[in-house]
Each structure stands twice: as C-alpha cells, then as structure tokens.
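Visitor:
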Amino acid sequence: MSTETPVATETPVATEIPPSLSDDIRMSTPDQDGIRVIKNRRKNRYMRLGPQESFLLSMLDGRTTYGEMALRFETNFHEPISLDEFGDFIALAKSEGLLHSTSSRESRSEQDTPKTLRELYRQCVKAAKKQSLLFFRVKLYDPNQTLNWLEPKTRLLFSPTLFVAAVCCGMIALGTVWIQRDLFVQQFAANFGWQAFVVAWSTTILITICHEFGHGLACKRYGGDVHEMGALSIFFTPCFYCNVSDAWLLPSRWQRLLISMAGTYVDFWVWIVAVAVWRVTTPQSALNFAAWVIVSTCGLRVAFNLNPLMRLDGYYALCDLLHTHNLRRRARKRFVGYSRWFLWGGEKPEPSSEHTMLMLYGAGNWVFTVGLLGLMSFQASVYLQSMMGIGGVMAAFGFFSLTTKNYFKGTLGENFSTMFRLRKLRVFLGLAVLVGILAIPIHDRAGGEFHVRPVVRREVRAPIAGFLREINADEGDLVAADSQLAMIEVPELTSNIARKKSEIAESEALLRRLNCGPRVEEINEQKERIQRATHWKQLAESDLQRARLSLVQELAALELSVQRAKAQVEYRSEILAQMQSLHDRGGLAGQQLLTHQKNHQDAVLDANRAVAEMRAREAEGVIRFEGELARREKALADAVGALTLLEAGSRREDIDAEKARLQRLNEELKHLLHQQSQQLVKCPVGGTIITPRFKEKIGVFVERGMPLCVIEDLQQLEAEISVSEKDARVLVAGHPITLKPRSLPFTSIPATVDRIAPAAQSAIPNAPRTVTVYCVVDNREATLRTGMTGFGRIRSERQPLGILLFQAGARLVRSEFMW
1 MSTETPVATE
11 TPVATEIPPS
21 LSDDIRMSTP
31 DQDGIRVIKN
41 RRKNRYMRLG
51 PQESFLLSML
61 DGRTTYGEMA
71 LRFETNFHEP
81 ISLDEFGDFI
91 ALAKSEGLLH
101 STSSRESRSE
111 QDTPKTLREL
121 YRQCVKAAKK
131 QSLLFFRVKL
141 YDPNQTLNWL
151 EPKTRLLFSP
161 TLFVAAVCCG
171 MIALGTVWIQ
181 RDLFVQQFAA
191 NFGWQAFVVA
201 WSTTILITIC
211 HEFGHGLACK
221 RYGGDVHEMG
231 ALSIFFTPCF
241 YCNVSDAWLL
251 PSRWQRLLIS
261 MAGTYVDFWV
271 WIVAVAVWRV
281 TTPQSALNFA
291 AWVIVSTCGL
301 RVAFNLNPLM
311 RLDGYYALCD
321 LLHTHNLRRR
331 ARKRFVGYSR
341 WFLWGGEKPE
351 PSSEHTMLML
361 YGAGNWVFTV
371 GLLGLMSFQA
381 SVYLQSMMGI
391 GGVMAAFGFF
401 SLTTKNYFKG
411 TLGENFSTMF
421 RLRKLRVFLG
431 LAVLVGILAI
441 PIHDRAGGEF
451 HVRPVVRREV
461 RAPIAGFLRE
471 INADEGDLVA
481 ADSQLAMIEV
491 PELTSNIARK
501 KSEIAESEAL
511 LRRLNCGPRV
521 EEINEQKERI
531 QRATHWKQLA
541 ESDLQRARLS
551 LVQELAALEL
561 SVQRAKAQVE
571 YRSEILAQMQ
581 SLHDRGGLAG
591 QQLLTHQKNH
601 QDAVLDANRA
611 VAEMRAREAE
621 GVIRFEGELA
631 RREKALADAV
641 GALTLLEAGS
651 RREDIDAEKA
661 RLQRLNEELK
671 HLLHQQSQQL
681 VKCPVGGTII
691 TPRFKEKIGV
701 FVERGMPLCV
711 IEDLQQLEAE
721 ISVSEKDARV
731 LVAGHPITLK
741 PRSLPFTSIP
751 ATVDRIAPAA
761 QSAIPNAPRT
771 VTVYCVVDNR
781 EATLRTGMTG
791 FGRIRSERQP
801 LGILLFQAGA
811 RLVRSEFMW
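Numbering (the UniProt record's numbering), first residue to last: 1 to 819.
1. Go to M261, then tell me how far its alpha helix (DSSP H) extends in each direction, as first and last residue.
2. In the structure shown, what three-state DSSP assignment does E96 receive?
3. So for D313, helix, strand or coil by DSSP?
4. What residue does the alpha helix (DSSP H) around F450 start on, and which one ends it?
5. Just mark Y571 as buried or exposed, buried being the case when its beta carbon has 16 or more other beta carbons within 10 Å.
6. With respect to the beta strand (DSSP E) encompassing L539, which residues constitute its N-terminal and C-terminal limits?
7. Measuring only the C-alpha atoms, how far is Y361 from R785?
8. May I ask you to report which of helix, strand or coil DSSP gives G299?
9. Between the Cα of Q526 and those of L636, T204 and W341, spot the shortest distance and give me the residue it belongs to.
10. Between which two residues does the alpha helix (DSSP H) containing I721 stretch?
11. What does the alpha-carbon distance come out to for the pair T102 and M59?
12. Could you work out which residue in P684, A462, W149 and K501 is closest to Q678 when comparing CA atoms only?
13. What is the C-beta distance between P668 and K500, in whole angstroms, given that I count them as a contact (C-beta under 8 angstroms)?
14. Less than 9 angstroms between the C-beta atoms of V753 and V732, yes or no?
15. Using three-state DSSP, classify E626 as helix, strand or coil.
16. Can you tell me whether Q111 is helix, strand or coil according to DSSP?
17. In terms of residues, what are the limits of the alpha helix (DSSP H) holding K659?
18. Quick check: the Cα distance between L493 and E720, rounded to an integer number of angstroms?
19. Using only the alpha-carbon positions, how far apart do S650 and A556 sit?
20. List the endpoints of the continuous beta strand (DSSP E) containing F197.
21. Within the continuous alpha helix (DSSP H) that includes R461, where are the two ends?
22. Assign T294 to one of two classes, buried (16 or more other C-beta atoms within 10 Å of its C-beta) or exposed (fewer than that).
23. Which residue or residues does DSSP assign as beta-bridge partners of Q145?
24. In the structure shown, what three-state DSSP assignment does K348 receive?
25. Relative to the C-alpha of A446, which residue among A757, Y222 and E725 is closest?
26. Determine the burial state of S260: buried for a count of at least 16 other Cβ atoms within 10 Å of its Cβ, exposed for fewer.
27. Put R105 into one of helix, strand or coil per three-state DSSP.
28. With a threshold of 8 angstroms, are at least 3 pairs of Cβ atoms found where one atom belongs to the segment 578-594 and the other to the segment 603-614?
29. Rounded to the nearest angstrom, what separates R615 and L551 at their Cα positions?
30. To the nearest angstrom, how far is it from the Cα of V370 to the Cα of A363?
31. Run through DSSP, which three-state label would F86 get?
32. Can a CB atom of chain B be found closer than 9 angstroms to the CB of E459?
33. Would you mind giving the Cβ-Cβ distance between S291 and A303, rounded to the nearest angstrom? I have them listed as a contact below 8 angstroms.
34. Put F746 into one of helix, strand or coil per three-state DSSP.
35. Where does V167 land, buried or exposed, given buried means 16+ other C-beta within 10 angstroms?
36. Considering only residues of the same chain and omitting the five flanking positions on each side of G705, which have a CB-CB separation below 8 angstroms?
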C-alpha cells in the first residue's frame with residue numbers, strides 16, 4: 001500500500017458516512033495475522049494490508065459512520081483513532097482507487113477496450129525497456145473467457161484420483177527411463193542435429209502453452225480470475241507466463257500451492273505420456289523421435305520449474321509454503337544490507353523474525369544467479385578468446401558486468417570510501433590477507449581426457465590355413481605364456497607328409513644306383529642281346545633274298561595269266577561279231593545276242609583284272625621283308641648303343657639332378673612338418689583374452705595371418721592423457737598424476753608421469769593441439785578395463801598463487817603481443 005499522504009484533507013464529522021468501497025475491489029479473507037490481500041480489478045493491482053488497514057477498509061460499506069467505525073476500531077485493537085487519521089486514510093484510499101467514484105465505470109470500460117496492434121507493439125517496447133535484461137515480460141492476451149470455457153471440461157485433470165495416478169505412472173516412467181538410460185543417451189548422438197532443434201523448439205512452445213493454461217485452469221477451478229498471459233524472457237530463454245495473482249485471494253495455502261505447481265503437474269503428465277510412446281514405438285519411427293525430444297525437453301522443464309532460485313513455479317510454491325510475499329526482492333535486500341554492514345561497516349539492517357529465512361534464500365539466490373551468469377560469461381570468454389583474443393575476453397566481461405549490475409548494486413555505496421578513511425586498520429588487514437593469499441604456494445595443474453590401454457598387448461594370428469578344431473580358453477580367461485591356446489586342423493597334411501617321405505626314399509635309391517653304375521650281368525646280358533639281334537638280322541637278309549626270287553616267279557605266272565585273258569577277249573570278240581551278223585539277218589534271237597555281249601564284257605574285265613594284279617604285285621615287291629630287315633638292324637643298333645652307355649657308366653649331370661630333386665623333396669617335407677608343428681597355437685604372452693565369443697569360432701576355416709584373439713595384461717595398464725599444448729609447462733617426467741575414471745567417480749587412482757610424447761598432435765585440422773602424457777597404472781585389483789576413459793590431472797611443483805594468476809592472465813594475450 002502506498003505511503004503517500006494528501007497535502008490537505010478535511011476533518012470528517014463523526015456522524016458523516018464515508019465513501020463506500022469500490023465495486024472493483026475484491027478482498028481475501030484475513031489470515032492468522034489479520035493480513036488481507038485486496039485486488040483492484042480496474043487497475044489490475046494487488047496490495048497487502050495490515051490488520052488495522054484491512055479492518056478499516058472492510059467497514060466502508062456506505063452505511064457505517066465515522067463515529068461507529070472509530071468505536072469498533074477501539075474495541076477491536078484497544079487503541080483510539082482520531083477523525084484526522086480517518087481523513088488521511090480515506091484520502092489515501094481514494095488516491096489508490098479503492099473507493100467508489102463515478103469515473104470508475106468509465107475507466108473500467110476504457111480498460112476493457114481492445115487495443116490495436118500498434119498500441120500493443122508500443123506497450124511491448126515500453127515494457128521491455130523498463131524491465132531487466134535478464135527478466136522481462138510483456139502481456140499479450142486476456143485468457144479469462146477461454147479459461148471459463150475450458151475449466152468445466154478439464155476439471156478431471158486436477159482431481160485427487162488423477163493426481164495419485166500421476167504419481168504412480170510417474171514412478172513407472174522414471175524407472176523405465178532409468179532402465180533404458182543407455183538407449184536414451186545413445187539417441188542424443190544419433191539424433192542431434194537441426195531436425196532435433198526444430199522439433200524441440202516447436203514442442204517447447206506447445207508444452208509451454210499447455211503449462212501456462214494449467215496454471216490458469218487451476219486458478220479458475222478454485223475461484224480465481226486470470227486476465228493476463230504473455231511472453232517472458234528469463235536468462236535469455238524465451239518462455240510464456242500466466243498471471244495467477246488471484247491465488248493470493250484464496251483462503252487456503254494449499255490451494256495457492258497447487259495453483260503454483262499446476263503447470264509443472266501438466267508438464268509431468270506430458271512427460272509420462274511421452275515416455276510411454278518413446279518406449280513402445282520403434283526407434284526408427286518419426287513418432288519415437290518426437291517422443292524422445294519431448295521426454296528430453298519436458299525433463300529439463302520440470303527440473304527448471306522446480307528450482308526455487310529462479311522465478312518459476314518452484315519459487316512461487318516456496319512463497320506459498322513459507323506464507324510470504326516478494327521473497328526474492330526482500331531476501332536480496334536483506335542479504336545485500338548485511339553484506340554491506342559486514343564488509344564495509346555500513347548500517348546494520350533492522351532485526352526481523354524472518355531474518356534466517358531471508359538471509360538463506362538471499363545468499364542462495366545471489367550465488368546461483370551470479371554463478372550462472374559468471375559461468376555463461378566464462379564459456380563465452382573462452383569461445384571469444386579463441387577467435388578475438390583479449391578483445392573477446394573484454395566483451396565477455398562487459399556482458400557479465402551489464403547483466404549483473406543490479407546484483408552488485410548497493411553493496412558498496414559511500415561505505416566503501418568511509419572504510420578507507422576511518423578504518424585504516426581494517427584496510428591494512430584486508431590487504432595483508434590478500435597478499436598472504438597470493439603468497440600461498442599451490443600446485444600448478446594441468447589435465448585432460450585419458451583413455452586406458454594395456455602395456456602388454458598381443459594379437460594372436462593363425463600361423464597356417466585350416467579349420468579350428470579345439471579352443472582351450474574363452475573371453476576373460478587368464479592364460480600363461482607358451483600354453484596351448486587352440487588347434488588348427490589342415491586337411492590331408494598327414495597323407496602329404498607320408499607321400500613326400502616315399503618320394504624321398506625313391507630319390508635316394510635312384511641316387512645310389514646312379515653312383516654305383518651298371519652291373520657285369522647287365523653288360524653280359526646286353527652283349528647277348530647284340531648277338532641275338534645280329535642273328536635275327538642275318539635271317540632277315542636271307543628272307544629278303546628268297547622273297548626277291550619268289551617275286552620273279554610270281555610276276556612270270558601273272559604275265560601268263562594276262563596273255564590268257566587277252567586271248568579269251570579276242571575269242572569272244574570274233575564270236576560276238578558272227579552273232580551280230582547272224583542277228584542282223586534274222587537268224588539269231590535278241591536274247592542270245594545279249595548273252596554273247598555279256599560274255600565279251602566279262603572277258604574284257606578278266607583281262608583288266610589280271611593286268612592290275614600283275615602291276616600290284618610288281619609294285620609291292622619285297623617291301624615287307626625290307627621293313628623287317630630295317631627293324632632288326634635298328635634293334636641291333638639300339639643294343640649296341642645301350643652296351644656302349646652301360647660300359648660308359650652314369651653321367652655326372654644325372655647324379656647332380658637327382659641330388660637337387662632329393663634336396664627339393666627334403667625341403668618340402670620340412671615345410672610340411674613345420675606346418676604340422678604349427679597346428680598347436682600357443683600363447684605368445686601371458687594375460688587375459690579379451691576377444692568376445694572366442695569359443696564360437698570352433699569349426700571356422702581361417703586363412704594364414706587371420707586374427708584369432710587378442711591377449712592383454714590387465715594388471716599393468718597405461719593411461720594416455722591428452723593435455724593442451726598451453727599446459728605443456730607442467731609436463732615433467734616423475735610428476736604425480738591423479739586419475740578419475742568415469743566408471744568410478746568417487747575413486748582417485750594415483751600415478752606418475754612415465755614419459756611424454758615428443759610432438760604435439762591434432763586430431764582434426766585447425767583444432768587445438770595436444771601433447772600426450774603416458775603413465776603406468778597398477779591394476780592388480782582389476783578396477784579398470786582397457787578402453788575406459790576419464791579425466792587425469794597432473795600436478796607440478798608448488799608456486800605462489802599470485803605468480804600462477806599472473807601467468808594465467810598472460811596466457812589470455814595473443815603470442816604476437818608478448819614480445
């Protein structure tokens with residue numbers, strides 16, 4: 001309530017009736033302390049009145065006189081009130097628009113007149129300029145009529161039955177998300193992109209509208225009015241808001257609490273339904289993707305809304321629980337006042353029954369807000385410093401100063417200069433403490449991501465091609481060095497070895513025969529063959545002579561046969577001529593003539609055949625006997641040549657060739673025996689098999705050199721830490737290291753720098769370069785696994801804090817300006 005008092009007021013008369021309370025005023029029932037909240041519907045303002053002001057305002061009914069009001073006031077509060085004080089109170093009530101007047105209806109009608117788009121735009125600009133950059137809101141819409149229509153249709157949403165169902169379903173949804181957390185987290189990497197951003201932005205707007213309508217519907221359910229809904233920006237995050245200040249007029253604190261949490265309650269129901277859809281639908285569907293986005297955004301919204309340090313649902317619910325108003329402003333004012341008193345010797349704030357509550361909330365809200373803005377500014381400075389250098393850092397610092405100036409406003413004032421003038425000892429002690437803090441020796445530290453790899457790691461490959469028949473160990477088994485790991489079967493290897501041994505024996509026997517030469521028996525036998533061949537040759541010559549004599553006789557006989565055949569032809573020709581003459585005279589039948597013609601033809605053919613036989617026999621001659629003689633002469637020559645070779649003995653070249661063949665066979669046998677020895681696969685080193693499902697490879701055909709399994713020594717591991725090149729000054733062999741694995745967040749593993757990579761590397765082009773640091777980790781307790789990641793921190797020798805801060809500041813400046 002305003003404390004302004006009119007300059008001049010008339011003293012009322014005791015019998016006079018004061019003006020009545022305006023019809024636009026709505027009053028709540030008094031609480032346990034007699035405090036009321038009144039609402040001026042014409043101005044859309046809310047005020048808190050104390051017990052006395054509330055009592056006086058409640059008696060302005062247009063019938064009670066000033067005297068009666070004074071008597072009732074004295075009876076109720078046991079203290080008198082003068083008519084002048086009545087006049088001041090009435091004047092103040094008129095200035096606030098609490099009393100009935102003729103212009104109220106007109107102004108009310110003017111307020112209900114819809115605004116044009118230009119007027120609405122001007123109102124938005126004016127409201128944005130007046131409010132803070134971190135928190136400002138603009139009214140856009142009067143949802144009262146819409147909520148009046150929706151409230152009966154959505155009353156079931158706020159029933160106790162549905163609330164219990166929400167709690168039960170929420171616990172089931174939380175369990176579902178926790179059980180499927182790996183799948184949920186994996187979708188961030190798979191779905192992250194502009195599509196997810198667009199869907200998240202769209203769903204956030206829709207869910208925010210439902211959230212604000214939840215507040216409005218809850219307020220309507222318990223009898224309140226909602227005349228304001230618009231846009232809100234909090235910490236540069238666009239939102240919506242719904243003004244449910246009518247909740248202060250409700251008599252029940254729990255009703256006000258439910259109205260404050262109604263939006264989060266609606267978000268929670270949306271989140272439950274989204275979890276169910278996300279769990280039931282297939283991961284590749286668009287519906288599953290949209291449900292996953294809603295689960296993510298609604299989860300963050302619920303967390304933000306439950307935070308009482310932000311002016312969202314959690315803050316207003318806390319105000320209802322504590323039954324206080326303007327908690328944030330009052331708590332910050334008390335915290336700043338006590339800070340000014342404690343630090344600079346300012347005036348100590350007056351004591352209050354709510355001191356502890358206001359101090360705790362004020363400190364928490366101040367630290368949270370300044371810390372969040374500081375974190376945002378720091379991240380912005382890191383990003384801008386990489387692009388703009390010191391200019392980017394100054395821009396981030398300016399942003400931090402602009403956004404937090406209201407939070408530091410009033411902490412210094414004139415008390416800061418007074419402290420330097422009147423409290424020199426405190427200044428000296430403060431400077432001494434500051435110098436002492438800067439002189440404290442601390443470790444300079446550097447850190448980076450690390451991943452674990454084994455010191456000893458061997459990949460077992462197939463020594464030969466074949467089928468895996470036996471595997472004596474599986475994943476996770478501990479094996480010793482040179483122990484049998486598996487057995488590879490090579491088809492036909494045994495038969496090939498036996499055949500190769502037989503060929504070697506044959507070659508050795510042949511070589512011995514070549515070295516010994518021919519036997520005497522072989523030479524004598526060969527000579528006898530020559531004698532037999534000579535005799536057979538002579539027989540062939542004799543047969544050839546007799547055949548030639550026989551040929552002469554045969555040719556003479558054939559000549560006689562030819563002469564006889566020719567004589568027979570002449571005879572048949574004369575008879576045919578006589579028969580033809582007789583036939584011409586008609587003395588011989590035609591059939592008889594044909595018979596004589598045929599006999600003549602037969603005689604001619606016989607003569608020709610006799611001539612041909614004589615010529616054929618003459619051409620054949622004695623060629624068969626000549627061929628037999630040539631064959632026997634060749635056999636005799638072959639026998640003589642073979643005897644010559646036997647008498648000459650084995651050639652040196654044949655012996656050398658057989659020796660080379662024997663050596664080749666021995667090498668082939670040696671290779672086959674080596675393959676036979678490699679059928680048993682042995683462990684090259686001792687360690688643990690890390691290949692998954694190793695025993696399932698039984699019966700699989702493997703090529704030579706194909707990987708079979710991997711053996712690692714898990715007792716001695718090595719951590720590779722990627723440290724930024726800016727922190728290379730800290731990297732010295734032997735410095736202590738503390739490793740924090742992600743799988744063991746509450747466990748610190750000590751180690752020391754074993755060695756440092758000689759060169760800085762970059763994973764991708766134009767990315768910051770890193771130096772790799774190696775350290776050996778004792779893993780006898782088997783707390784780590786290869787491939788695990790975490791964060792490693794390296795500590796150097798102690799140096800004063802001031803020097804480290806100076807070096808950190810110097811590193812913010814570009815290298816080209818450090819000459």
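Backbone N, C-alpha and C fix where the C-beta goes; we use that ideal spot for every residue, glycine too. Owing to the predicted nature of the structure, the values given are computational and were not obtained by experimental measurement.
Guide: Result, derived from the coordinates:
1. Secondary structure note for M261: its alpha helix (DSSP H) is the uninterrupted segment R253 to V280.
2. Residue state for E96 is assigned as coil, using DSSP reduced to three classes.
3. Residue state, collapsed to three classes: helix.
4. Where F450 is concerned, there is no enclosing alpha helix (DSSP H), although the beta strand (DSSP E) around it starts and stops at P441 to P454.
5. Exposed, by the Cβ-count rule.
6. Segment V520 to D584 is the alpha helix (DSSP H) holding L539; no beta strand (DSSP E) there.
7. Taking the CA atoms as reference points, Y361 sits about 45 angstroms from R785.
8. In the structure shown, G299 adopts helical secondary structure according to DSSP, grouped into three states.
9. When only C-alpha atoms are compared, the closest one is L636.
10. For I721, no alpha helix (DSSP H) encloses it; the enclosing beta strand (DSSP E) starts and ends at Q716 to S724.
11. Residue confidence for T102 is low, a pLDDT of 44 falling below 50, so the modelled location carries little weight; the figure read from the coordinates is stated next. As the crow flies, the alpha-carbon of T102 is around 20 angstroms from that of M59.
12. Of P684, A462, W149 and K501, the residue nearest in Cα terms is A462.
13. In the sequence as displayed, the identity of residue 668 is Glu instead of Pro. Yes, they are in contact, since the Cβ atoms of E668 and K500 sit about 6 angstroms apart, within 8 angstroms.
14. It is a contact, given that the beta carbons lie within the stated cut-off.
15. Helix.
16. Model confidence at Q111 stands at a pLDDT of 43, short of 50, so the residue's coordinates are unreliable; what they give is reported in the following sentence. For Q111, the three-state secondary structure derived from DSSP is helix.
17. From DSSP, the alpha helix (DSSP H) with K659 extends over R652 to S677.
18. L493 and E720 have their alpha carbons spaced roughly 47 angstroms apart.
19. In this model, S650 and A556 are separated by some 58 angstroms (Cα to Cα).
20. For F197, no beta strand (DSSP E) encloses it; the enclosing alpha helix (DSSP H) starts and ends at W194 to R221.
21. Element bounds for R461: not the alpha helix (DSSP H) but the beta strand (DSSP E), R457 to R461.
22. Note on residue identity: the sequence assigns Ile, not Thr, to residue 294. Counting Cβ neighbours within 10 Å, I294 comes out buried, since at least 16 surround it.
23. According to DSSP, Q145 bridges with nothing at all.
24. Correct three-state label for K348: coil.
25. Out of A757, Y222 and E725, E725 has the C-alpha closest to the C-alpha of A446.
26. Label assigned to S260: buried.
27. Unreliable placement is indicated for R105, whose pLDDT of 45 sits below 50; no coordinate value is reported for it.
28. At 8 angstroms Cβ cutoff, the stretches do not touch.
29. Answer to the nearest angstrom: the Cα atoms are 12 angstroms apart.
30. If you draw a straight line from the Cα of V370 to the Cα of A363, it comes to about 11 angstroms.
31. In the structure shown, F86 adopts helical secondary structure according to DSSP, grouped into three states.
32. This model lacks chain B altogether, as it is built from one protein chain only.
33. According to the sequence shown, residue 291 is Ala rather than Ser. About 19 angstroms; that fails the 8 angstroms criterion.
34. In the structure shown, F746 sits in coil (DSSP, three-state: anything other than H, G, I, E or B).
35. The residue in question, V167, is exposed, as its Cβ has fewer than 16 Cβ neighbours within 10 Å.
36. Contacts found: R461 and A462.
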